[in-house]
Structures are given as C-alpha cells and as structure tokens.
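Notes follow the structure.
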Amino acid sequence: MWRIFKRSTRRFSVVDAIFERSSRKVEKVQRKYADFLNAKVKNWSPFSIKVLLVIFVLCYVSVTTIVLINAGSTMGTVTVNPTHQTAPRLVFENEVKPVYLTDRIKWFRHYLDSLKADKVGRNTYDSILAVRPGLIDSLTQLERLNK
13 MWRIFKRSTR RFSVVDAIFE RSSRKVEKVQ RKYADFLNAK VKNWSPFSIK
63 VLLVIFVLCY VSVTTIVLIN AGSTMGTVTV NPTHQTAPRL VFENEVKPVY
113 LTDRIKWFRH YLDSLKADKV GRNTYDSILA VRPGLIDSLT QLERLNK
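Counting with the numbering used here, you get residues 13 to 159 for the letters of the sequence shown.
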C-alpha cells in the first residue's frame, strides 16, 4: 500500500566507486608528502624560503623564455620528407620459377647422367627408362621451361 521505506533511486556505478576510492588514496598520499615537506622546511628562516622561491621563479621564467624564443626559429630543425616508393609488380604463379624444383631437376639430371656414364649404373639407368619411357623427354621439357 503505502511505502514507508523507499529505496534509494540513486545507484552508484562501479566506475564511480573505484574513482572515489582511488581519489581518496591519492589525496592521502599527497597530504603525507606535503606534511613531510613542511616538516623539512619548518626550521628554515622566512628569508631563505623567499630567496629559494625567487630563484625557482627566475629559473622557470628563463627556461620558458628560451623555449618561446627558439620555437619560432627554423634553424636546427629536422624536416622529414617521405620517399616515393613504387608498388611491386603483381607476380602470377605461372611466372614464378621455384628454385627448389629447379635444383632437384638439375640434381636428377646429374644422377641420370652419372648412371648412364658408369658401366655398373647403366643397368639401373636402363631399368628406370624401361619403367618410365618418357622420363628423359619430360625432363628435357622441364629444363627448357625453367630457363
């Protein structure tokens, strides 16, 4: 019926809660560091504090002035110019000569030639040609294609 105890409609998000906790911790660390520095400076005379403050301001102003003066000059700056690069030509699969295949063809040709030249290997050479009659022709055509 009547709601006596109403729920709070305002809900905190997780991000807000994390931000609140982290900001509290940062403020706590800042306060501790400020207390530490105040304890260090507590015994200094007001005159020495004022002298250090004037020195700090003069250093800050001089560095800022030097940066502003040198910001307008172009001397000593490095200019980077992009280099023009040409796009590589499209290479199709039939234009590529696989090196490993060429080497294997050369090795196999050398092997067959050595079998053919040797008296003992001549029987092996003849048996290979008997099993594969068009092998030498195919090998010659492949060598011509790869040149």
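Every residue gets a Cβ at the ideal spot worked out from N, C-alpha and C, and that includes glycine.
Just so you know, these numbers come straight off a predicted model, no measurement behind them.
Pull up the distance between the alpha-carbon of GLU39 and that of THR98, whole angstroms please. Within the sequence shown, residue 39 is the residue found at index 27, counting from 1. Within the sequence shown, residue 98 is the residue found at index 86, counting from 1. Distance between the alpha carbons of GLU39 and THR98: 57 Å.
Pick helix, strand or coil for ALA99, following the three-state DSSP scheme. Walking along the sequence shown from the start, residue 99 turns up at place 87. Here DSSP, grouped into helix, strand and coil, assigns ALA99 to coil.
Contact check, LYS131 vs TYR137, beta carbons under 7 Å: Here residue 131 corresponds to residue number 119 of the sequence shown, with the count starting at 1. Here residue 137 corresponds to residue number 125 of the sequence shown, with the count starting at 1. At the C-beta level, LYS131 and TYR137 stay beyond 7 Å of one another.
Which whole runs of the beta strand (DSSP E) in the stretch 50-87 are 3 residues long or more, in chain order? The DSSP assignment places no complete run of the beta strand (DSSP E) inside the stretch 50-87 (cut-off: 3 residues).
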